[in-house]
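Participant: Protein chains in written order, with our numbering: chain W, 14 to 149; chain S, 14 to 149. Handing you a structure now.
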DNA sequence: GTAACTGCAAAATATTTGCATCCTT
DNA sequence: AAGGATGCAAATATTTTGCAGTTAC
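Pasting the structure below:
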């Protein structure tokens, strides 16, 4: 799905800023910080607009905030919308100790961890155990 | 280990601020934000001192930053020092695809995830797959 | 034309730095 | 006594808010 259709799908007006920010996400294929984005826009748009754009996208579920172990605030496109297939299965799984059912928490992305020097990362799995919505 | 000995172990002078902050961590037994700590100090110490204290503790490995999925910056005592035994086994594990050895990354704490409404959390496991320091 | 979006200014918040004074060792 | 830690003031950085002008639909 291209940037324009994506915006329409979420009933957002198609504007320059939004298209630019979406293109930046699509091209990078990964997680970006506010200042990464600001940098790549090269002053084309106001800093405040970037904040508002990211907020809007996050509200609509186009992007997610991804926390990292060094506490930078990163954003990334959500899986569903990532037509290019570049995304991994990077949401958190939940195992309920009552019903023993494992649920995909699609809205909860796996945080990015910062590994010690020398480690190369391939894949991250995160499983939360507890009591699910239905069993509580 | 009590707060005073802990400071001595890390060759830090024993001061009011540091003792207070350590006590707050020990009593809470969990992760705290800068403002949590500031709040519990009730104006007894300067805001800047809290920043510096947290920084010093983090440098020495007394506390860790813990990212969360809602991007609050949280700190918690490191396991080793947590004499009370209140800590869980909350560091990240690393599975190397070359040597197939699983390593504890003691320095990398498992981020706190914010679950959707209705879920109760018990335990979190995080496993990173990749190539370890020795095999790379 | 109307509602929504943007850019600018400025407020609010969060974090860092410099320096003189005070406290720990 | 000496070095480090604190508190205050102020500089910087980050994020939010208000509003007038502009743009998408």
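By construction, the Cβ of each residue, glycine as well, lies at the ideal position given by its N, Cα and C atoms.
(1) Excluding sequence positions up to five away, which residues of its chain have a Cβ less than 6 angstroms from the Cβ of residue 17 (chain S)?
(2) Using beta carbons (cut-off 8 angstroms, strictly below), is residue 65 (chain S) in contact with chain W?
(3) By how many angstroms is the C-alpha of residue 105 (chain W) removed from the C-alpha of residue 24 (chain S)?
(4) Pairing CB atoms from the stretch 105-115 of chain S with CB atoms from the stretch 61-76 of chain S, are three or more of them under 8 angstroms?
(5) Using Cβ-Cβ distances below 9 angstroms, what residues of the stretch 111-123 of chain W are close to chain S?
(6) Where does residue 124 (chain W) land, buried or exposed, given buried means 16+ other C-beta within 10 angstroms?
(7) In whole angstroms, what is the alpha-carbon distance linking residue 126 (chain W) and residue 121 (chain S)?
(8) Could you check if residue 57 (chain W) is buried or exposed, using at least 16 other CB atoms within 10 Å of its CB as the buried criterion?
(9) Less than 8 angstroms between CB atoms is the rule here; does residue 68 (chain S) satisfy it with respect to chain W?
(10) Looking at the C-beta of residue 84 (chain W), does it have a partner C-beta in chain S at a distance below 8 angstroms?
(11) Do we get a CB-CB distance below 8 angstroms when we pair residue 99 (chain W) with the residues of chain S?
(12) Output yes or no for whether 8 angstroms exceeds the beta carbon distance between residue 140 (chain W) and residue 128 (chain S).
(13) With 16 other CB atoms within 10 Å as the buried threshold, where does residue 118 (chain W) fall?
(14) Quick check on residue 165 (chain S) - is its C-beta less than 8 angstroms from some C-beta in chain W?
(15) What residue range is occupied by the uninterrupted beta strand (DSSP E) comprising residue 32 (chain S)?
(16) Could you tell me the distance, in whole angstroms, from the CA atom of residue 37 (chain W) to the CA atom of residue 89 (chain W)?
(17) Among S:147, S:87, S:112 and S:45, which has the Cα closest to the Cα of residue 130 (chain W)?
(18) Residue 79 (chain S) and residue 91 (chain S) - do their beta-carbons sit closer together than 8 angstroms?
(19) Please compile the residues from chain S whose C-beta is within a distance smaller than 8 angstroms of the C-beta of residue 31 (chain W).
(20) Any idea if residue 21 (chain S) is buried or exposed, counting beta-carbon neighbours within 10 angstroms, 16 or more meaning buried?
(21) In or out: residue 97 (chain S) buried (at least 16 other Cβ within 10 Å) or exposed?
(22) If you reduce the DSSP assignment to three classes, tell me which class residue 59 (chain S) lands in.
Facilitator: Taking the coordinates as given:
(1) 27
(2) no
(3) 40 angstroms
(4) no
(5) 116, 118, 120, 121, 122 and 123
(6) buried
(7) 8 angstroms
(8) exposed
(9) no
(10) yes
(11) Any reading at residue 99 (chain W) must be qualified, since the residue scores a pLDDT of 41, below 50, and its modelled position is unreliable; no value is offered.
(12) no
(13) buried
(14) Outside the shown range of chain S, which is 14 to 149, sits residue 165 (chain S), and nothing can be said about it.
(15) Unbroken run through residue 32 (chain S) is the alpha helix (DSSP H), 29-41; no beta strand (DSSP E).
(16) 10 angstroms
(17) S:147
(18) no
(19) Within chain S, no residue comes near residue 31 (chain W); the closest Cβ sits about 22 angstroms away, beyond 8 angstroms.
(20) exposed
(21) Because the pLDDT at residue 97 (chain S) is just 43, under 50, the model does not fix this residue reliably, and the value given afterwards should be weighed accordingly. Residue 97 (chain S) is exposed by the Cβ-count criterion.
(22) coil
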